[in-house]
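S.K.: Quick one: the structure is below, questions incoming.
2 protein chains.
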Amino acid sequence: MTQMASWARSAARLIDVATGRAPADMVVRGGRWVNVHTREILPGTDVAIAAGRFAAVAADLSYAIGPETTVIEADGRYMLPGLCDGHMHVESGMVTVTEFARAVIPHGTTSMFIDPHEIANVLGLPGVRLMHDEALTLPVNVYVQVPSCVPSAPGLETPGASIEPEDVAEAMGWPGIIGLGEMMNFPGVVAGDPKMLAEMAHTMDAGKTVGGHYAAFDLGRNFLGYVAGGPADDHEGTRLEDAVARARLGMRPMLRLGSAWYDVAAQIKAITELGLDPRSFILCTDDSHSGTLVNDGHVDRVVRHAIAQGCPPVIAIQMATLNTAQHFGLEREIGSITPGRRADLVISSDLVALPIDLVVARGRVLAENGRLTADVPAYAYPDAVKRTVKLGRRMTADAFDIKAPSGRNSVTARVIGVIENQAPTKALTATLPVEDGLAVGDPAEDVCQIALVERHKGTGGVVNAFVKGFGYVKPCAIASTVAHDSHHMIVVGTSKADMAQAANRLAEIGGGVVVISEGKELALVEMPIAGLMSDERAEIVAAKAERVVKAMEACGCRLNNAYMQHSLLALVVIPELRISDMGLIDVTTFSPVDLFLTD
Amino acid sequence: MTQMASWARSAARLIDVATGRAPADMVVRGGRWVNVHTREILPGTDVAIAAGRFAAVAADLSYAIGPETTVIEADGRYMLPGLCDGHMHVESGMVTVTEFARAVIPHGTTSMFIDPHEIANVLGLPGVRLMHDEALTLPVNVYVQVPSCVPSAPGLETPGASIEPEDVAEAMGWPGIIGLGEMMNFPGVVAGDPKMLAEMAHTMDAGKTVGGHYAAFDLGRNFLGYVAGGPADDHEGTRLEDAVARARLGMRPMLRLGSAWYDVAAQIKAITELGLDPRSFILCTDDSHSGTLVNDGHVDRVVRHAIAQGCPPVIAIQMATLNTAQHFGLEREIGSITPGRRADLVISSDLVALPIDLVVARGRVLAENGRLTADVPAYAYPDAVKRTVKLGRRMTADAFDIKAPSGRNSVTARVIGVIENQAPTKALTATLPVEDGLAVGDPAEDVCQIALVERHKGTGGVVNAFVKGFGYVKPCAIASTVAHDSHHMIVVGTSKADMAQAANRLAEIGGGVVVISEGKELALVEMPIAGLMSDERAEIVAAKAERVVKAMEACGCRLNNAYMQHSLLALVVIPELRISDMGLIDVTTFSPVDLFLTD
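Chains as they are written, first to last, in the working numbering: chain C, 1 to 599; chain L, 1 to 599.
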């Protein structure tokens, strides 16, 4: 980011190279120039690079080749601008920014716009600063958005930290900050909530971009109110009409293909079928799991998918390069192979299959044929960041006892109902047995226990409740310190002893996810950084995460994306019923409710 | 400009209106929404306006109409964003910024990007500040560029003032400054001239836009060097290949239709024939005379012309609205009818003839059916600005005596050859008679005298020479204090007495243009502001300017655009032969030359 000399500071050298007075650092020769400004493909093009920036692009730049110049033969292959991810969360990959970058650079990603929303919930602005500072060390461009909604649901949960408008104002002065992270509190914006308006005002005052998040189907007055408030983009659209409505009102639609989001196919019809001007449309991933990065790709996967939907390749590439750059006011810095811009370039032999043959960022070759070739050293996080799981006590099985009202043989309890492949839950009720004065799960009905274990302040607090839908049949417990959005610890289990062991295990290693069955640890992903991120390689994390999936299956779980479902059960902004450190929360009325129904 | 509350400061009210909690200030009802984001035309659209900004755009906003709301019936007519002129010089209209605005608002212009290059040559940065401050008082958006090349030709002329890199840095902090004015010193950029690079660096450091001006046909290394230096746009292209080369390299082509520039037709083929992505293309006027504004129009004329060349209307409108806004980083402020933006809107009943029925700017109706309806008060310039014509003496006929080398009956002199309809001149020679020891013009060969009268410092300096091509047959003199780019006084004449009278007349009134024949004043345009601008209405100035043309014709001149040719004869950056306060200048070698050839 800032460690790179500006165009202005590099201009004298770029001019010297362009005019032939000095040799280039690198010349890429004889490629097909994917020109995202004109939407053309121009064969037989040379590209000269100096000072980490493009110096010239023309049919013949052999005059810029000196004895020290690195020459790369494009041999008629396509030269694309480095790919940009318009909105994403590094934490979803369970790895550090550095490891995320290592994983995605071979896929052609050279610019990312990240919203470190998860770490903000654990560590507040200092956590954002850590990821921001890490981003500045990288050989690719990682622009950071300041999380806007920490906590996500004030009054319904206690996060590890919060972000206030003054924090937003302060962060706007940091070198790597590009704007405000997704404004999820859309009811707040529509209602004119002064805190939300103040955060957006600080962002706009700084000339930066307010990210949007309007997760509702209503395109009437509420939608108009949200747009009038200032968010400049939105990746929460899912339907064709969502994309069209946003584009028409000047709020850029970000079409999302994440590990579990599939929102491109429906919305890209705005271009392929309705023929709208594609300049407003941007591609993004939002959330990518390590396994997706390792096995399927990153922005290249989204571009490939967009092309498979019938989008002309150069338009799809514009949506992941120039359009993104223009949105964030960076078109003279990234997003095209044109003079002065950072020399971020991908070579590919095919615009449909889109193999990523070579990746150059800031004038350096970073990856070849899917393998990182550059040295990208790990970033050392301070130790304090690795000690964020504070339970305040050693858990024992009785911490998960659920006392029934006295004198009852059975109880009617509220139960969180997991819906496969959907983020919302159902608010169910179930009649549950009482044993020794304690309400317990009902294996026959797939109802087991869930606990929200406070882990930020070491209060020792445990909120117990019931959940239905995971299918666990063996004695087991699954614990995770990734527990959106306030990231306490969620423990789900059929065995209280295993639940205690799982909770203690995560406390011991500083967080992560663990599967315990009958006292045996079946799988573990250590995530010591804020309890959210591993400091290991993405491929190792992906392998460990795969073992978690297998272990959950071994315990009887047949749910698709079961771990993601697990980690979302405390997300007290999405209906209907969730758990937080403050109790069971009805997310249709946004109020705490009792576990037991009085009947 | 800054006197308007920002979107952020207006957001609460805009949300209230959009959601129906408060009435709008104005609702435009039932129009065809020209959507420049999606490139669509959407019939049956309502627009709600509050706090000078668009609050909502939707099919039915009747809920936003309260008892105090102004309702405008669009009745199925087109609603376009207010038009933007991407690059222009107010001084070319010979009127103040206010009078220029008054003239163009009825044509639908609501945003102008002006480069006060001329006043800078007379008054320096304080002159720029004056026009900047005047711009801030207007009900439309006038963004100011800091002139980059003052003087245009250092060492070859003495302007009234100069602008240095420190001046550029200072001005970047002013509220209405949008960037650096056209970087005309393209040889300097290509050569890496530190002063030019410093000016561009100050601009880029401030996050603002460097205007370009590459007035050459060479699209090879020099062009590449210029692009690498940083200019972000260019309005000097004339050929199709010029537009294409600029767009491909990420330097936005500005297609120009001025009073005397016709550069749209050839270049718009990049869109209409080659099918390039039009997002990079911008329309501008550069120089419009008052007569053009009064009789033909402004940006509306350019849009109309573009459509007449086969450009689809909505694309032509994008080129004068959203494209311009995006170029200058203003897309969230102007350039589209979408929430949050300044409520600048034009109603037109036809997208080909493009009549301008109604003009709204910042939520106020300013013009209807071609007539300004709003009160736009004149701006009071300080008196000192009206006393810039300092000759240092009262001119007499003998000030224009040209002494021949002693003992000669005739001389061979260099003569500036005017070429009709072209800016370059020819370096001619002529054998001229000598009378009483003085070289004189040759009416039979259409050679008459030209004088450059120093007028900034009152040195009393007069440089005399000869010019061919005006066709004056009567005893006469034409004097002008508009004399690009250093704006001394140019006097052309066949009578020295008339020349003296003309010079004295302009000194007396503070500048302008005057035609004298045999002691009689045939025509006069007073331009007391810096000797460049009238403080009268554009229609009055246009009428007076028309009288100047007639008067020149009455003296025998048959040249097209004769006054413009007159005012360009000191432009010592365009070949081949010019006059400056430092003498006769050979603009092929950029050096002074003697008037007489030694033969």
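In this text, a Cβ means the ideal position worked out from N, Cα and C, and glycines have one as well.
For L/Ile15, would you say it is in contact with chain C, using Cβ-to-Cβ distances shorter than 8 Å as the test?
M.R.: It does: the Cβ of L/Ile15 has a partner Cβ on chain C nearer than 8 Å.
S.K.: Is the CB of L/Met1 under 8 Å away from at least one CB in chain C?
M.R.: In this prediction, L/Met1 has a pLDDT of 43, which is less than 50 and means its spatial position is unreliable; nothing more can be read from the coordinates.
S.K.: Taking contact to mean 3 or more Cβ pairs, one atom from each stretch, closer than 8 Å, check whether the region 363-375 of chain L and the region 405-416 of chain L are in contact.
M.R.: Output reads no: the region 405-416 of chain L does not touch the region 363-375 of chain L.
S.K.: Please check if any C-beta of chain L sits within less than 8 Å of the C-beta of C/His213.
M.R.: It does not; no Cβ of chain L falls within 8 Å.
S.K.: Residue range of the alpha helix (DSSP H) that C/Gly127 falls in?
M.R.: It spans Leu125 to Leu136 - the alpha helix (DSSP H) in which C/Gly127 sits, taken as one unbroken run.
S.K.: Comparing the C-beta of L/Gly20 with each C-beta of chain C, is any distance below 8 Å?
M.R.: For L/Gly20, the answer is yes, since a Cβ of chain C falls inside 8 Å of its Cβ.
S.K.: Are L/Val140 and L/Ile105 closer than 8 Å when you measure CB to CB?
M.R.: Yes, they are a contact pair.
S.K.: Who are L/Lys520's beta bridge partners in DSSP?
M.R.: Partner(s): L/Ser517.
S.K.: Compare the C-beta of C/Leu358 with all C-beta atoms of chain L and state if any pair is closer than 8 Å.
M.R.: False, the Cβ-Cβ gap to chain L never drops below 8 Å.
S.K.: Could you check whether L/Val299 and L/Gly20 sit closer than 8 Å to each other, using their CB atoms as the reference points?
M.R.: No. Outside cutoff.
S.K.: What's the C-alpha gap between L/Val587 and L/Leu595?
M.R.: Cα-Cα distance, rounded: 14 Å.
S.K.: Any contact between the region 284-293 of chain L and the region 41-57 of chain C? By contact I mean 3 or more CB pairs, one from each, below 8 Å.
M.R.: As far as the Cβ criterion goes, the region 284-293 of chain L does not touch the region 41-57 of chain C, which means the pair count is below three.
S.K.: Just the Cα atoms here: how many angstroms apart are L/Ala198 and L/Pro165?
M.R.: Their Cα atoms are separated by approximately 6 Å.
S.K.: Starting from the beta carbon of C/Ser280, find every residue of chain L whose beta carbon is closer than 8 Å, and list them in chain order.
M.R.: Going along chain L in sequence order, the residues near C/Ser280 (Cβ under 8 Å) are His37 and Thr38.
S.K.: Could you list which residues in chain C have their beta carbon closer than 7 Å to that of L/Arg332, in chain order?
M.R.: Neighbours of L/Arg332 on chain C, chain order: Ala232.
S.K.: Could you check which residue in C/Cys84, C/Ile574, C/Ala56 and C/Gln422 has the C-alpha nearest to that of C/Thr324?
M.R.: C/Thr324 has its Cα closest to that of C/Cys84, out of C/Cys84, C/Ile574, C/Ala56 and C/Gln422.
S.K.: Measure the C-alpha to C-alpha separation of C/Gly160 and C/Ala120 and round it to an integer number of angstroms.
M.R.: Each residue's Cα considered, the two are about 8 Å apart.
S.K.: I'd like to know if C/Thr137 contacts chain L, where contact means its C-beta is closer than 8 Å to some C-beta of that chain.
M.R.: No - not a single Cβ of chain L is within 8 Å of the one on C/Thr137.
S.K.: Spell out whether any CB of chain L is found under 8 Å from the CB atom of C/Ser6.
M.R.: Judged by the 8 Å Cβ criterion, C/Ser6 is in contact with chain L.
S.K.: Near C/Met254, what residues of its chain come up, given a Cβ to Cβ distance below 6 Å and the 5 sequence neighbours on each side ignored?
M.R.: Cβ within range, chain order: Gly86, His87, Asp233, His235, Ile282 and Cys284.
S.K.: Per DSSP, which one or two residues make a beta bridge with C/Lys496?
M.R.: C/Lys496 pairs with nothing; no bridge assigned.
S.K.: Per DSSP, what kind of secondary structure is L/Met582 in: helix, strand or coil?
M.R.: It is coil, neither helix nor strand.
S.K.: Rounded to the nearest angstrom, what separates L/Ile490 and C/Gly207 at their Cα positions?
M.R.: Using only the alpha carbons, I get a separation of about 46 Å.
S.K.: I want to see whether chain C comes within less than 8 Å of L/Gly229, judged by CB atoms only; does it?
M.R.: So, interface residue.
S.K.: For a contact meaning CB atoms closer than 7 Å, what does L/Gly329 contact in chain C?
M.R.: Per Cβ cutoff of 7 Å: Gly329.
S.K.: Using the beta-carbon count (16 or more within 10 Å), is L/Gln601 buried or exposed?
M.R.: What is shown of chain L runs 1 to 599, which leaves residue 601 of chain L out entirely.
S.K.: Could you tell me whether any Cβ in chain L is nearer than 8 Å to the Cβ of C/Asp167?
M.R.: No, because no Cβ of chain L sits closer than 8 Å to the Cβ of C/Asp167.
S.K.: Using a 10 Å radius around the Cβ and a threshold of 16 neighbouring Cβ atoms, would you call L/Ser10 buried or exposed?
M.R.: So L/Ser10 ends up on the buried side.
S.K.: List the DSSP bridge partners of L/Asn35.
M.R.: Its beta-bridge partners are L/Glu40.
S.K.: Report the rounded CA-to-CA distance for L/Pro151 versus L/Ile163, giving the unit in angstroms.
M.R.: So the alpha carbons of these two residues sit roughly 7 Å apart.
S.K.: Check whether the Cβ atoms of C/Asp581 and C/Glu157 sit closer than 8 Å, and answer yes or no.
M.R.: A contact, by the Cβ cut-off of 8 Å.
S.K.: Given this structure, state the Cα-to-Cα distance separating L/Gly181 from C/Tyr563, to the nearest angstrom.
M.R.: Taking the straight line from one Cα to the other gives about 57 Å.
S.K.: Residues of chain L with a CB under 9 Å from the CB of C/Ala24: which are they?
M.R.: Those within 9 Å of C/Ala24 in chain L number zero; the least Cβ separation is about 11 Å.
S.K.: Once the 5 residues before and after L/Ala600 are set aside, which same chain residues still bring their CB inside 7 Å of it?
M.R.: For residue 600 of chain L there is no data in the structure shown, the boundaries of chain L being 1 and 599.
S.K.: Measuring CB atoms only, is the region 446-465 of chain C touching the region 32-44 of chain L, in the sense that at least three cross pairs come out at less than 8 Å?
M.R.: They do not touch, by the three-pair rule.
S.K.: Report the option in L/Glu435, L/Thr38 and L/Gly179 whose CA atom is closest to the CA atom of L/Val210.
M.R.: Measuring from the Cα of L/Val210, the nearest candidate turns out to be L/Gly179.
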